[in-house]
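Numbering (the UniProt record's numbering), first residue to last: 1 to 173.
Even for Gly, the Cβ is constructed at its ideal location relative to N, Cα and C.
Comments concern the structure below.
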Amino acid sequence: MVQVEMTHLMEGTKMQPKLLKRDAFTIVGYQFEASLVELEKNKLDLAYYNELVLHKDLVPDRMTDEVTFIQSYPLTEHFNPRQDRFKHIIGYKVRKALSLPDNMVSYTVPACHYMKAKHMGSPQEIHDTHDYLFAFCEEHQEYTPLGFDLEEWSLSYNPFTSVNEVDVYLAVR
1 MVQVEMTHLM EGTKMQPKLL KRDAFTIVGY QFEASLVELE KNKLDLAYYN
51 ELVLHKDLVP DRMTDEVTFI QSYPLTEHFN PRQDRFKHII GYKVRKALSL
101 PDNMVSYTVP ACHYMKAKHM GSPQEIHDTH DYLFAFCEEH QEYTPLGFDL
151 EEWSLSYNPF TSVNEVDVYL AVR
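So, in structure tokens, the structure goes:
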């Protein structure tokens with residue numbers, strides 16, 4: 001787990017995560033496995049994002065055009081997200097996954113509590129926000145990560161600019 005200072009600053013203000021509960025939901029999209037190094041080097045998130053947007057009309061019962069990016073990983077002592085491969089799912093929220101387009105999967109996120117923070121800036125720096133949430137949980141030991149997190153990319157999301165706002169949620173108990 002990467003350590004960061006708890007006084008992590010985002011555009012001059014201290015980022016303060018919020019604890020909230022969310023209902024279960026289902027997404028339909030693409031699933032792949034990669035380490036963070038592979039993800040960044042090969043721009044896999046961008047490639048799958050472009051593919052998803054290109055084929056969004058094939059996703060039946062889509063609730064929104066906002067994209068959800070989920071990362072699911074083992075909570076083992078020796079897991080290193082920069083080097084070890086883990087599951088990534090990028091897709092659209094749907095009411096029900098009745099039928100799946102070719103090469104797409106459905107994934108249901110369980111109802112649970114999350115630590116939420118808003119990432120403001122470049123997609124290449126979003127790992128700082130994830131690191132901050134993990135460090136916050138480590139410092140405030142009443143919150144234990146559950147092994148997955150998610151990002152919600154709004155309609156204004158642009159992977160080519162440093163002026164993005166992305167909601168980042170770390171599942172906790």
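Which residues does DSSP list as the beta-bridge partners of residue i?
| i | result |
| --- | --- |
| residue 167 | 118 and 152 |
| residue 147 | Residue 147 is not bridged to any residue. |
| residue 72 | 87 and 148 |
| residue 31 | 89 |
| residue 173 | Looking at the DSSP assignment, residue 173 forms no beta bridge with any residue, so it has no partner. |
| residue 113 | 21 and 172 |
| residue 62 | 94 |
| residue 26 | 94 and 108 |
Could you tell me the distance, in whole angstroms, from the CA atom of residue i to the CA atom of residue j?
| i | j | result |
| --- | --- | --- |
| residue 168 | residue 134 | 12 Å |
| residue 165 | residue 88 | 20 Å |
| residue 155 | residue 58 | 18 Å |
| residue 159 | residue 140 | 32 Å |
| residue 172 | residue 19 | 9 Å |
| residue 103 | residue 163 | 31 Å |
| residue 37 | residue 91 | 21 Å |
| residue 35 | residue 76 | 15 Å |
| residue 68 | residue 79 | 24 Å |
| residue 153 | residue 82 | 22 Å |
| residue 42 | residue 24 | 31 Å |
| residue 108 | residue 132 | 26 Å |
| residue 106 | residue 39 | 21 Å |
| residue 17 | residue 45 | 24 Å |
| residue 157 | residue 84 | 27 Å |
Counting only the same chain and skipping the five closest in sequence on each side, list residues whose C-beta sits under 6 Å from that of residue i.
| i | result |
| --- | --- |
| residue 119 | 126, 129, 166 and 168 |
| residue 209 | An answer regarding residue 209 cannot be provided, because it is not within the stretch 1 to 173 covered by the chain. |
Buried or exposed: which applies to residue i, given that a residue is buried once 16 or more other Cβ atoms fall within 10 Å of its Cβ?
| i | result |
| --- | --- |
| residue 110 | exposed |
| residue 64 | exposed |
| residue 93 | buried |
| residue 12 | Low per-residue confidence applies at residue 12: pLDDT is 45, beneath 50, and the placement is therefore not dependable enough to give any value. |
| residue 33 | exposed |
| residue 150 | buried |
| residue 53 | exposed |
| residue 117 | buried |
If I'm right that residue i touches residue j with Cβ under 8 Å, what's the distance once you round it to whole angstroms?
| i | j | result |
| --- | --- | --- |
| residue 115 | residue 143 | 6 Å |
| residue 161 | residue 97 | Actually they do not touch by this definition, with Cβ atoms about 32 Å apart. |
| residue 180 | residue 170 | The shown model of the chain, from 1 to 173, leaves out residue 180, and the question about it has no answer. |
| residue 148 | residue 71 | 6 Å |
| residue 22 | residue 61 | Actually they do not touch by this definition, with Cβ atoms about 19 Å apart. |
Leaving aside the five residues before and after residue i along the sequence, list all residues of the same chain whose C-beta is less than 7 Å from its C-beta, in chain order.
| i | result |
| --- | --- |
| residue 146 | 112, 171, 172 and 173 |
| residue 55 | 101 |
| residue 49 | 67, 90 and 159 |
| residue 123 | 159 and 164 |
Just checking residue i against the ligand ATP - is the residue's beta carbon closer than 7 Å to any of the ligand's heavy atoms?
| i | result |
| --- | --- |
| residue 67 | What this structure holds is no ligand at all, so the ligand ATP is not there to describe. |
Who are the near neighbours of residue i in its chain, counting only those whose CB is closer than 8 Å to its CB and skipping five residues on each side?
| i | result |
| --- | --- |
| residue 47 | none |
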